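A quick write-up on the structure given underneath.
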């Protein structure tokens with residue numbers, strides 16, 4: 031977890047997706063506080079990126095997390111008195127966890143908790159029982175089902191093999207998870223007045239949603255809980271459109287031509303983060319005479335966040351790459367003109383105004399430097 035995203039770019043549209051982030055963020059400390067004192071966090075590797083979009087490392091640290099581990103088959107060596115596992119309900123992970131617990135029992139007693147994302151399953155609990163460790167671990171669930179990336183983009187971040195599971199293995203679990211998550215979405219924003227879809231799986235999902243609505247209507251009549259928005263038509267969403275990936279298998283195979291698309295094609299974007307050469311990200315504070323290094327060791331790449339909090343990226347992301355160079359040139363000229371205004375600042379008020387804008391100018395300059403470097407690398411690789 032790099033703690034590079036704060037979610038400040040969310041919540042700027044009528045459909046406030048920052049609510050989804052806050053719900054997951056609010057639940058996380060409650061989970062961490064289940065184990066008192068210092069603890070270790072053992073994460074499903076596929077959840078590390080999504081979790082970093084929900085909570086920064088400081089939040090984890092403030093609630094006693096000292097170390098973060100990836101959930102793997104290797105023996106886990108730790109000096110933490112308590113461990114919290116957060117993972118998808120996958121059978122292989124249950125065997126990893128069982129192996130860890132058996133190893134711990136040989137040395138010292140460790141307080142172990144397991145939270146499934148988005149919910150616990152009987153088959154996983156049965157594997158733990160068969161392995162003889164279910165009594166040694168406390169089980170719960172963590173409803174981190176929606177990951178907000180932008181004001182107009184959320185993702186469930188299901189396993190990339192979901193299409194295979196549905197169409198080749200005949201496993202409909204992902205459709206059920208999608209239905210449960212969409213119901214949660216409706217409990218926050220209200221019922222979708224119209225549901226449309228294309229494809230067999232879209233029909234299955236729509237039918238499941240309608241069945242869940244009816245079940246909720248029945249249980250709500252006898253429930254003593256406070257009423258939710260599942261009884262109210264949404265004021266923000268007019269219709270919900272479901273598209274089955276199976277109706278269009280060609281599009282994912284096409285080469286992307288937008289700026290963001292080509293970054294993904296050439297460098298790879300994962301959870302709003304791209305890995306770049308450190309020289310692109312580090313501020314030009316060390317410009318000047320430098321001694322050339324003879325080390326052949328490549329420098330470790332640094333992570334750079336790509337979302338609408340970067341105004342220049344927001345301007346470039348959907349543009350055809352052919353026009354990106356011209357836009358970068360215009361931005362460079364404008365920034366240079368803004369810097370030159372310092373020579374015209376004569377009065378204290380003018381100087382104060384320029385100094386007040388200096389931080390933003392420097393940030394724009396750094397962003398321009400990064401995106402110019404990215405564009406050059408794309409050209410070199412295409």
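Residue numbers (the working numbering): 31 to 412.
Note that the Cβ used here is the ideal one computed from N, Cα and C, for glycine as well.
Only a predicted model underlies this, so the values are computations on that prediction, with no experimental measurement involved.
So residue i and residue j are in contact, right, with Cβ under 8 angstroms, and what is the actual spacing, rounded?
{"i": "residue 167", "j": "residue 212", "result": "That pair is no contact at about 30 angstroms."}
{"i": "residue 331", "j": "residue 306", "result": "6 angstroms"}
{"i": "residue 127", "j": "residue 115", "result": "6 angstroms"}
{"i": "residue 398", "j": "residue 358", "result": "7 angstroms"}
{"i": "residue 354", "j": "residue 405", "result": "6 angstroms"}
{"i": "residue 50", "j": "residue 184", "result": "6 angstroms"}
{"i": "residue 154", "j": "residue 101", "result": "About 13 angstroms; that fails the 8 angstroms criterion."}
Spatial neighbours of residue i within its chain, please: CB distance less than 8 angstroms, with the 5 preceding and 5 following residues excluded, ordered by chain position.
{"i": "residue 321", "result": "With a pLDDT of 44 at residue 321, under the threshold of 50, the modelled position of that residue is not reliable, and no figure is offered here."}
{"i": "residue 246", "result": "213, 260"}
{"i": "residue 196", "result": "202, 204, 205, 231"}
{"i": "residue 191", "result": "none"}
{"i": "residue 384", "result": "371, 372, 375"}
{"i": "residue 244", "result": "none"}
{"i": "residue 67", "result": "94, 111, 112"}
{"i": "residue 234", "result": "202, 205"}
{"i": "residue 379", "result": "none"}
{"i": "residue 96", "result": "68, 69, 70, 110"}
Of the residues the options, which one's Cα is nearest the Cα of residue i?
{"i": "residue 208", "options": "173, 220, 224", "result": "173"}
{"i": "residue 148", "options": "162, 176, 125", "result": "176"}
{"i": "residue 151", "options": "119, 182, 136", "result": "119"}
{"i": "residue 181", "options": "354, 393, 406, 48", "result": "48"}
{"i": "residue 303", "options": "334, 281, 367", "result": "334"}
{"i": "residue 365", "options": "338, 43, 396, 344", "result": "396"}
{"i": "residue 138", "options": "383, 379, 110, 57", "result": "110"}
{"i": "residue 362", "options": "377, 386, 392, 373", "result": "392"}
{"i": "residue 269", "options": "281, 234, 223, 59", "result": "223"}
{"i": "residue 262", "options": "163, 338, 221, 72", "result": "221"}
{"i": "residue 344", "options": "82, 401, 249", "result": "401"}
{"i": "residue 414", "options": "161, 379, 83", "result": "One cannot answer for residue 414 here, as it falls past the ends of the chain, which runs 31 to 412."}
{"i": "residue 194", "options": "279, 329, 340, 40", "result": "279"}
{"i": "residue 133", "options": "103, 377, 159", "result": "103"}
{"i": "residue 210", "options": "238, 369, 412, 340", "result": "238"}
{"i": "residue 61", "options": "91, 171, 96", "result": "171"}
{"i": "residue 412", "options": "351, 386, 369, 377", "result": "351"}
{"i": "residue 144", "options": "72, 89, 240", "result": "72"}
{"i": "residue 368", "options": "264, 248, 386", "result": "386"}
{"i": "residue 339", "options": "356, 390, 377, 312", "result": "390"}
Going by DSSP, which residues form a beta bridge with residue i?
{"i": "residue 178", "result": "184"}
{"i": "residue 108", "result": "According to DSSP, which records beta bridges pairwise, residue 108 is partnered with nothing at all."}
{"i": "residue 350", "result": "288"}
{"i": "residue 305", "result": "333"}
{"i": "residue 228", "result": "273"}
{"i": "residue 171", "result": "146"}
{"i": "residue 73", "result": "100, 116"}
{"i": "residue 221", "result": "263"}
{"i": "residue 95", "result": "69"}
{"i": "residue 141", "result": "112"}
Identify, in the order they occur along the chain, each residue of the same chain with its Cβ nearer than 6 angstroms to the Cβ of residue i, setting aside the five sequence neighbours on each side.
{"i": "residue 141", "result": "65, 112"}
{"i": "residue 415", "result": "Any answer about residue 415 is impossible in this case: the structure gives the chain only from 31 up to 412."}
{"i": "residue 381", "result": "375"}
{"i": "residue 408", "result": "292, 296"}
{"i": "residue 315", "result": "Low per-residue confidence applies at residue 315: pLDDT is 38, beneath 50, and the placement is therefore not dependable, though the value from the model is reported in the following sentence. Contacts found: none."}
{"i": "residue 45", "result": "266"}
{"i": "residue 394", "result": "365"}
{"i": "residue 43", "result": "181"}
{"i": "residue 8", "result": "Summary: the structure shown does not reach residue 8, with the chain confined to residues 31 through 412, and so no result is reported for it."}
{"i": "residue 91", "result": "none"}
Below 7 angstroms CB to CB, which residues in the same chain sit around residue i once its five sequence neighbours on both sides are set aside?
{"i": "residue 299", "result": "293, 336"}
{"i": "residue 317", "result": "Note that residue 317 scores 46 on pLDDT, short of 50, meaning its location in the model is unreliable and no value can be drawn from it."}
{"i": "residue 164", "result": "155, 158"}
{"i": "residue 242", "result": "209, 213"}
Taking Cβ to Cβ, would you say residue i is nearer than 8 angstroms to residue j?
{"i": "residue 413", "j": "residue 169", "result": "Beyond the ends of the chain as shown, which are 31 and 412, falls residue 413; an answer cannot be given."}
{"i": "residue 74", "j": "residue 93", "result": "no"}
{"i": "residue 105", "j": "residue 70", "result": "no"}
{"i": "residue 216", "j": "residue 288", "result": "no"}
{"i": "residue 87", "j": "residue 117", "result": "no"}
{"i": "residue 189", "j": "residue 78", "result": "no"}
{"i": "residue 227", "j": "residue 276", "result": "no"}
{"i": "residue 236", "j": "residue 225", "result": "yes"}
{"i": "residue 342", "j": "residue 403", "result": "no"}
{"i": "residue 84", "j": "residue 125", "result": "no"}
{"i": "residue 282", "j": "residue 187", "result": "no"}
{"i": "residue 388", "j": "residue 178", "result": "no"}
{"i": "residue 82", "j": "residue 301", "result": "yes"}
What do you reckon, is the C-beta of residue i under 7 angstroms from a heavy atom of the ligand GTP?
{"i": "residue 398", "result": "Ligands are entirely absent from the displayed structure, and the ligand GTP is therefore not among its contents."}
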